[in-house]
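Take a look at the structure below.
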Amino acid sequence: MLLLGIESSCDETSAAVVSDGRFLLANVVASQAEIHERYGGVVPEVASRQQLAAIIPVIASAMEQANVNRHDLSGIAATYGPGLAGSLLVGLTAAKALALAWNLPFIGINHLEAHIYANWIRQAESSTAASPGDQPADPALDWREGDPRFPALCLVISGAHTELVLMHRHGSYKLLGRTRDDAAGEAFDKVARILGLGYPGGPAIERTAAKLRNMRPRYHLPRAWLRGTYDFSFSGLKTAVLHMVQGADPGYHSTRASSSQHWRAGAEAASKGGLSITDLAAAFQESVVDVLATKTRQAAEAYSVAHVLLAGGVAANRALRARIERELQPLGIPLSYPPVEFCTDNAAMIAAAAYFHFRLGEQHRLDLDVQPNLSLPFAG
Ligand code: KG4
Ligand code: ZN
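Residue 1614 in our numbering sits at position 309 of the sequence shown, and the numbers go up by one each step.
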């Protein structure tokens, strides 16, 4: 089953062609990161205009790279939430229009679910892509060699979400814990801004922290353990970094400065007070990684899962991957994470998730609207 996937929830415009929810034929991504870098974050009005300019060329180029035409496709999928309304609308409308024009089934995909399904993606070999493969009798347990196994524990860590989720079969999600304030990616972005490291913050903090050869930062930042729960909290950590910068230069008032001045002011205050930005970035990353890895190991053990999956932009972080791998090794539980390019927003993951929904007999009508606040469909 060949599907066209479309993703436009934030500042990336992407289209992909994927076979049987796993085998990648093409994935094209147009990123606006350079444009938003100037503002230190995504500006929604700018993002939706850029989406509009990119969407048709990106779809055309994915179809061309995959060497397929509309007659080869079995369906079309697009993200319908969560995300920025104006951005979501562009990809969703394009997908619905194509489904109508080409008379193909259409399905709207939950962006968070798609991040999880990035763990099913692999490069297509010509034989696997061409042959339909054996379809298991129960579509809810559709498994092929190389797929993650159920029950799986998913750590969903993106710019707006931090959730520990248990998955017993395709399309079934049980929430174990979530952040009570900032998401992990949001904390990376905010702290990068305080330290003057730029946008997006995650890769910038990771690069800066990696400069610390001995990996032992000279500062120790707090961890919110929230014991007895699988919940997280990162806003206190962000505030601790801010207080250190403010302490370094009593003349520094973050609230008085406008956003772009604030950004430079923080970096200047830190260096004025003799703070090491490298050590601060490393101490911050260590604190986030410590909490995420420890809670993931505890949940994996408590629920006797067969596999742990990392999903979302923060899953690109190498320090986090390595630490979770070390935590799980004594338990003999395998860890999966997508290649870096499939951790951040892409359409291949949309097409992958869509396959498993189509297999369950689901599809949407063409009046499906965007849902900017959509969450994972948790069972009680
Ligand atoms: O999943 P994603 O691309 O978009 C959302 O759906 O939110 O995640 C973006 C988030 C940003 O906060 C970004 O700073 C973070 O993922 N991120 C990282 C890394 N790469 C991206 N965080 C830590 N380390 C990274 N290498
Ligand atoms: Zn995302």
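Backbone N, C-alpha and C fix where the C-beta goes; we use that ideal spot for every residue, glycine too.
Just so we're clear, the structure is a prediction, and the values are computed from it rather than from any experiment.
In its own chain, which residues sit with a C-beta less than 7 Å from the C-beta of residue i, not counting the 5 before and 5 after it?
| i | result |
| --- | --- |
| ILE1740 | With the chain running from 1306 to 1685 in the structure shown, residue 1740 is simply not present. |
| ARG1561 | For ARG1561, the predicted structure reports a pLDDT of 45, less than 50, and the residue's modelled location is therefore unreliable. A value from the coordinates is still provided. Hits under 7 Å: none found. |
| CYS1315 | VAL1347, ALA1352, GLY1388, LEU1389, SER1392, ASP1650 |
| ALA1488 | SER1463, GLY1464, ALA1465, HIS1466, THR1467 |
| ALA1371 | VAL1322, LEU1330, ALA1331 |
| ARG1628 | VAL1594, ALA1598 |
| GLY1618 | SER1463, GLY1464, GLY1490, GLY1507, CYS1648, THR1649 |
| ALA1434 | Model confidence at ALA1434 stands at a pLDDT of 48, short of 50, so the residue's coordinates are unreliable and nothing is read from them. |
Take residue i and list the residues in its own chain whose beta-carbon comes closer than 6 Å to its own, dropping the five residues that flank it on each side.
| i | result |
| --- | --- |
| SER1313 | GLN1356, SER1392, VAL1395, GLY1396 |
| ASP1486 | SER1538, SER1540 |
| GLY1578 | ALA1553, ASP1554 |
| LEU1517 | THR1583, ALA1587 |
| ARG1523 | ASP1584 |
| LEU1403 | ILE1381 |
| ALA1514 | ALA1586, ALA1587, GLN1590 |
Answer with buried or exposed for residue i, where buried requires no fewer than 16 other C-beta atoms within 10 angstroms of its C-beta.
| i | result |
| --- | --- |
| HIS1548 | exposed |
| LYS1543 | buried |
| TRP1448 | exposed |
| ILE1360 | buried |
| SER1592 | buried |
| GLY1506 | buried |
| HIS1376 | exposed |
| GLU1450 | exposed |
| PRO1643 | buried |
| HIS1317 | According to the sequence provided, residue 1317 is Glu. The question's His does not apply to it. GLU1317 is buried by the Cβ-count criterion. |
| MET1472 | buried |
| LEU1681 | buried |
| GLN1428 | exposed |
| GLY1533 | exposed |
| PHE1663 | buried |
| SER1432 | Here the model assigns SER1432 a pLDDT of 49, short of 50, so the residue's position is not dependable, and the following value carries that caveat. SER1432 is exposed by the Cβ-count criterion. |
| HIS1416 | buried |
Between residue i and chain C, is the shortest Cβ-Cβ distance under 7 Å, so that the two count as touching?
| i | result |
| --- | --- |
| GLN1668 | Of the protein chains in this structure there is only one, and it is not chain C. |
Which whole-angstrom value describes the C-beta separation of residue i and residue j, a residue pair presumed to lie in contact below a C-beta threshold of 8 Å?
| i | j | result |
| --- | --- | --- |
| GLY1482 | TYR1422 | Between TYR1422 and GLY1482 the Cβ distance is about 21 Å, and since that is not below 8 Å, they are no contact. |
| ALA1321 | ALA1367 | 6 Å |
| ASN1424 | ALA1616 | 7 Å |
| GLY1326 | ALA1611 | That belief does not hold up - the Cβ atoms of GLY1326 and ALA1611 are roughly 19 Å apart, past 8 Å. |
| LEU1598 | GLU1573 | A quick correction: the sequence has Ala, not Leu, at residue 1598. Not quite, the Cβ-Cβ distance comes to about 33 Å (not below 8 Å), so this is no contact. |
| GLY1476 | ALA1382 | With a Cβ gap of about 14 Å, GLY1476 and ALA1382 do not count as contacting. |
| TYR1385 | LEU1673 | 6 Å |
| LEU1614 | ALA1445 | Incorrect: roughly 17 Å between the Cβ atoms, too far for contact. |
Starting from the C-beta of residue i, find all residues in its chain whose C-beta is less than 8 Å away, skip the five residues before and the five after it, and write them out in chain order.
| i | result |
| --- | --- |
| PRO1508 | ALA1621 |
| PRO1527 | GLY1541, LEU1542, ALA1545, SER1592 |
| HIS1341 | ASP1316, VAL1347, VAL1348, VAL1351, ALA1352, TYR1504 |
| LEU1671 | LYS1401, ALA1404, LEU1405, PHE1411 |
| VAL1645 | ALA1621 |
Going by the C-beta, is residue i closer than 6 Å to any heavy atom of ligand 3?
| i | result |
| --- | --- |
| SER1319 | For the structure depicted, ligand 3 is absent and the ligand set comprises only ligand 1 and ligand 2. |
key: At least three beta-carbon pairs within less than 8 Å, the segment 1410 to 1418 to the segment 1654 to 1671   = With the cut-off at 8 Å, the segment 1410 to 1418 and the segment 1654 to 1671 touch.
request  = Flag this pair as touching only if the segment 1644 to 1663 and the segment 1323 to 1336 have three or more C-beta atom pairs under 8 Å; answer yes or no.
outcome  = Taking a cut-off of 8 Å on C-beta distances, the segment 1644 to 1663 touches the segment 1323 to 1336, as three or more cross pairs fall below it.
query = Below 8 Å, can you find three or more Cβ-Cβ pairs linking the segment 1591 to 1608 to the segment 1628 to 1638?
reply = With a cut-off of 8 Å on Cβ pairs, the segment 1591 to 1608 is in contact with the segment 1628 to 1638, counting three or more such pairs.
message = Give the list of continuous beta strand (DSSP E) stretches no shorter than 3 residues that lie fully inside the segment 1594 to 1647.
response = Complete beta strand (DSSP E) runs here, min 3: 1612 to 1616.
query = Taking the runs of the beta strand (DSSP E) that are 3 residues or longer, which of them lie wholly in the segment 1464 to 1518?
reply = Counting whole runs of 3 or more residues, the segment 1464 to 1518 contains the beta strand (DSSP E) stretches 1467 to 1472, 1479 to 1483.
In chain order, each alpha helix (DSSP H) run of at least 4 residues that lies wholly inside the segment 1388 to 1423 = Complete alpha helix (DSSP H) runs here, min 4: 1390 to 1407, 1416 to 1422.
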